[in-house]
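> One structure, as structure tokens, below. Some questions next.
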Amino acid sequence: YSVAYTDDKHYGDSVYSIRSDETQIKTELYKNGPVEAAFTVYADFLLYSSGVYQHTSGSSLGGHAIKILGWGVENSMPYWLVANSWNQDWGDNGFFKILRGKDHCGIESGIVAGAPKLN
Numbered sequence: 165y166s167v168a169y170t171d172d173k174h175y176g177d178s179v180y181s182i183r184s185d186e187t188q189i190k191t192e193l194y195k196n197g198p199v200e201a202a203f204t205v206y207a208d209f210l211l212y213s214s215g216v217y218q219h220t221s222g223s224s225l226g227g228h229a230i231k232i233l234g235w236g237v238e239n240s241m242p243y244w245l246v247a248n249s250w251n252q253d254w255g256d257n258g259f260f261k262i263l264r265g266k267d268h269c270g271i272e273s274g275i276v277a278g279a280p281k282l283n
């Protein structure tokens, strides 16, 4: 990648919250791309490798910020497609799917997005 850091640096113009509503989140993703979210990580999440994650056991380990990229359905289960920051050797090559539409682990409660600063 040969672009200099200063030439590839971009800024946001404004930050805004998205209502905790599946349709609103999907609309934001469709219109403006990925959104930032936070959710509660439980011990069983550390073992995730594939499928749609649903917390079943283990204690809360704290909050974690992630990026929601999109949505889908797997085996009749709606999910959010999410990018994690724990590298490619975790989860499904650094990504995971989590139950959509139920505010599972608080994933739909703290959604924020930003508008880019246009020159």
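Here the numbering used here is used: the first residue of the sequence shown is 165, the next is one more, and so on. Even for Gly, the Cβ is constructed at its ideal location relative to N, Cα and C.
Return yes when the Cβ of Glu272 is within less than 7 Å of the Cβ of Lys160, no when it is not.
Residue 160 cannot be examined here, being either before or after the span of the chain that is shown, 165 to 283.
> Would you report the Cα separation of Ile182 and His268, rounded to the nearest angstrom?
Here residue 182 refers to the residue found at position 18 of the sequence shown. Here residue 268 refers to the residue found at position 104 of the sequence shown. Rounded to the nearest angstrom, the two C-alpha atoms are 16 Å apart.
> What number of angstroms, rounded off, separates the C-alpha of Gly265 from the C-alpha of Thr204?
As a working mapping, residue 265 is identified with position 101 in the sequence shown. As a working mapping, residue 204 is identified with position 40 in the sequence shown. Taking the straight line from one Cα to the other gives about 16 Å.
> Who does Gly176 pair with in a DSSP beta bridge?
Residue mapping note: residue 176 aligns to position 12 of the sequence shown, counting from 1. Gly176 pairs with Pro280.
> Take Leu233 as the anchor and find which of Tyr169, Leu245 and Tyr206 has the nearest alpha-carbon.
Position 69 of the sequence shown, counted from the start, is the residue given in the question as residue 233. Minimum Cα distance to Leu233 is reached at Leu245.
> Assuming Gly222 contacts Ala207 under a Cβ cut-off of 8 Å, what Cβ separation, rounded to an integer in Å, is found between them?
As a first step, residue 222 is located in the sequence shown; it is residue number 58 there, counting from the start. As a first step, residue 207 is located in the sequence shown; it is residue number 43 there, counting from the start. So it is a contact: roughly 3 Å between Cβ atoms.
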